[in-house]
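Student: Under our numbering, the first residue of the sequence shown is numbered 987, with each subsequent residue one higher.
Here it is, the structure, as structure tokens.
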Amino acid sequence: MIEFQDVSKIYHGKDSETVALKNVHLTIHDGEIYGVIGYSGAGKSTLIRMVNALETPSSGKVIVNGSDWSTCNKKQLRHFKKKIGMVFQHFNLLESKTVFANVAIPLILDGWSKDAIKKRVTELLDFVGLTDKVERYPNELSGGEKQRVGIARAIALNPEILLCDEATSALDPKTTEQILALLKRINQEYQITMLVITHEMGVIQKICQKVAVMEKGKIIEEGSVFDVFVHP
Ligand code: ADP
Ligand code: ADP
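Written out as structure tokens, the structure reads:
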């Protein structure tokens, strides 16, 4: 479960302040695909980055699976971070490394043996349908294939939570459909809780059960996708 309890975030600039989040309350239950939609600048990235401690709240608490990370030491934080995967808009692949090596990164950082890494990466590439691209480099892949690599890397350590930050925003509509289908399959097969942020209504309608609508750092609506968008 992911809980935001009265979370605010203020970025302090040289001579200005930006309120990125204002008194946000949110509860995301295990196994849900939870969408957050809003225009650019609404605070979505700030919100999602707090779940894996890439940002810290200025006030309020973010509780992930019962733990408040602001009170954790470095070792505990590393342990918890392993349980969270992240998928990015621009894929964040290492261009100088092959598909295999990109997917292997979290396993190497986690200290897996060479044989175990080979087995796991093979299994992951099979799952995302990229077995024939194992020795390719990112610049030899289409956008959809790059995102499949990003997704394989993100789920390599069997996370409990998958964060998707505009995961389909750089893709064409047909590829978007395929990537959304893959995310849905991951949610169903592995019961991974997903937090999906997007500015596209279609993404919310295709895969999310619950949605929060953000505007200027605040959640202005929240509920089931049906209640918020279909039958308000
Ligand atoms: P979204 O993801 O919805 O586009 P963000 O969370 O990226 O929104 O941004 C929310 C607000 O916070 C914006 O006004 C943005 O300019 C500001 N902001 C985001 N990150 C920073 C930062 N590191 N420093 C200063 N302001 C920031
Ligand atoms: P940072 O300096 O931001 O901590 P890392 O060493 O964590 O970078 O990241 C190394 C590579 O692993 C990057 O390509 C990054 O995109 C990727 N990465 C980081 N965290 C994760 C994660 N939880 N799951 C999958 N890949 C990750």
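We treat Cβ as the ideally placed atom computed from N, Cα and C, and that holds for glycine.
(1) Just to confirm before moving on: does the CB-CB distance between residue 999 and residue 1202 stay below 9 Å?
(2) Could you check if residue 1206 is buried or exposed, using at least 16 other CB atoms within 10 Å of its CB as the buried criterion?
(3) In the DSSP assignment, the beta strand (DSSP E) including residue 1185 goes from what residue to what residue?
(4) Check each residue's C-beta against every heavy atom of ligand 1 and list, in chain order, those closer than 5 Å.
(5) Do you know whose CA, among 1076, 1117, 1051 and 1044, lies nearest residue 1038's CA?
(6) Flag this pair as yes or no: are the beta carbons of residue 1180 and residue 1190 separated by less than 9 Å?
(7) State the start and end residues of the unbroken alpha helix (DSSP H) segment that holds residue 1129.
(8) Taking the straight line between their C-alpha atoms, what separation do you get for residue 1161 and residue 1041?
(9) What residues in its chain sit with their C-beta under 8 Å from that of residue 1084, if we drop five residues either side in the sequence?
(10) Suppose you measure from the CA of residue 1074 to the CA of residue 1149; what does that come to, to the nearest Å?
(11) Taking buried to mean at least 16 other C-beta atoms within 10 Å of its own C-beta, is residue 1021 buried or exposed?
(12) Once DSSP output is grouped into helix, strand and coil, what is the label at residue 1195?
(13) Can you tell which of 1045, 1016 and 1014 has its C-alpha closest to the C-alpha of residue 994?
(14) Could you pull the DSSP bridge partners for residue 1058 from this structure?
(15) For the 8 Å Cβ check, are there 3 or more pairs between the region 1064-1071 and the region 1133-1150?
(16) Can a CB atom of chain B be found closer than 9 Å to the CB of residue 1057?
(17) Taking DSSP as the reference, what is the three-state secondary structure of residue 992?
(18) Under a Cβ-count criterion, where at least 16 other Cβ atoms within 10 Å of its own Cβ denotes burial, should residue 1086 be classed as buried or exposed?
(19) Report the CB separation of residue 1155 from residue 1184 in whole angstroms; it is logged as a contact under 8 Å.
(20) Suppose contacts are defined by Cβ-Cβ distances below 9 Å. Is residue 1200 in contact with residue 1029 by that definition?
Tutor: Looking at the atomic coordinates:
(1) Walking along the sequence shown from the start, residue 999 turns up at place 13. Walking along the sequence shown from the start, residue 1202 turns up at place 216. At the C-beta level, residue 999 and residue 1202 stay beyond 9 Å of one another.
(2) Taking the first residue of the sequence shown as 1, we reach residue 1206 at position 220. The residue is exposed, with fewer than 16 neighbouring Cβ atoms inside 10 Å.
(3) Position 199 of the sequence shown, counted from the first residue, corresponds to residue 1185. It is not in any beta strand (DSSP E) - residue 1185 carries neither H nor E in the DSSP assignment.
(4) Listed by position along the chain, the residues with Cβ atoms less than 5 Å from a non-hydrogen atom of ligand 1 are 997, 1004, 1006, 1026, 1027, 1028, 1029, 1030, 1031 and 1032.
(5) As a working note, residue 1038 is residue 52 in the sequence shown. Of 1076, 1117, 1051 and 1044, the residue nearest in Cα terms is 1051.
(6) In the sequence shown, residue 1180 corresponds to position 194, counting from 1. In the sequence shown, residue 1190 corresponds to position 204, counting from 1. Cβ distance not < 9 Å, so residue 1180 and residue 1190 don't count as in contact.
(7) Sequence index remark: in the sequence shown, residue 1129 carries index 143 (1-based). Unbroken alpha helix (DSSP H) run through residue 1129: 1129-1140.
(8) As a working mapping, residue 1161 is identified with position 175 in the sequence shown. As a working mapping, residue 1041 is identified with position 55 in the sequence shown. The straight-line gap from Cα to Cα measures roughly 30 Å.
(9) Here residue 1084 refers to the residue found at position 98 of the sequence shown. 1120, 1121, 1122 and 1123.
(10) Here residue 1074 refers to the residue found at position 88 when the sequence shown is read from its first residue. Here residue 1149 refers to the residue found at position 163 when the sequence shown is read from its first residue. Looking at the two C-alpha atoms, the distance is approximately 9 Å.
(11) Against the sequence shown, residue 1021 aligns to sequence position 35. A buried status is given to residue 1021, since no fewer than 16 other beta-carbon atoms sit within 10 Å of its beta-carbon.
(12) As a working note, residue 1195 is residue 209 in the sequence shown. In the displayed model, residue 1195 falls within coil according to three-state DSSP, outside both helix and strand.
(13) The residue labelled residue 994 in the question sits at position 8 within the sequence shown. Among 1045, 1016 and 1014, the Cα nearest to that of residue 994 belongs to 1045.
(14) As a first step, residue 1058 is located in the sequence shown; it is residue number 72 there, counting from the start. Residue pairing for residue 1058: DSSP places it in no beta bridge.
(15) Contact between the region 1064-1071 and the region 1133-1150 is present, because at least three Cβ pairs lie under 8 Å.
(16) Of the protein chains in the structure, only one exists, and it is not chain B.
(17) As a first step, residue 992 must be located in the sequence shown, where it is residue number 6. When DSSP states are grouped into helix, strand and coil, residue 992 belongs to the strand group.
(18) Here residue 1086 refers to the residue found at position 100 of the sequence shown. The residue in question, residue 1086, is buried, as its Cβ has 16 or more Cβ neighbours within 10 Å.
(19) Sequence index remark: in the sequence shown, residue 1155 carries index 169 (1-based). Sequence index remark: in the sequence shown, residue 1184 carries index 198 (1-based). At roughly 7 Å, the Cβ-Cβ gap stays under 8 Å, so residue 1155 and residue 1184 are in contact.
(20) In the sequence shown, the residue the question calls residue 1200 occupies position 214. In the sequence shown, the residue the question calls residue 1029 occupies position 43. Their beta carbons are under 9 Å apart, which means residue 1200 touches residue 1029 by this criterion.
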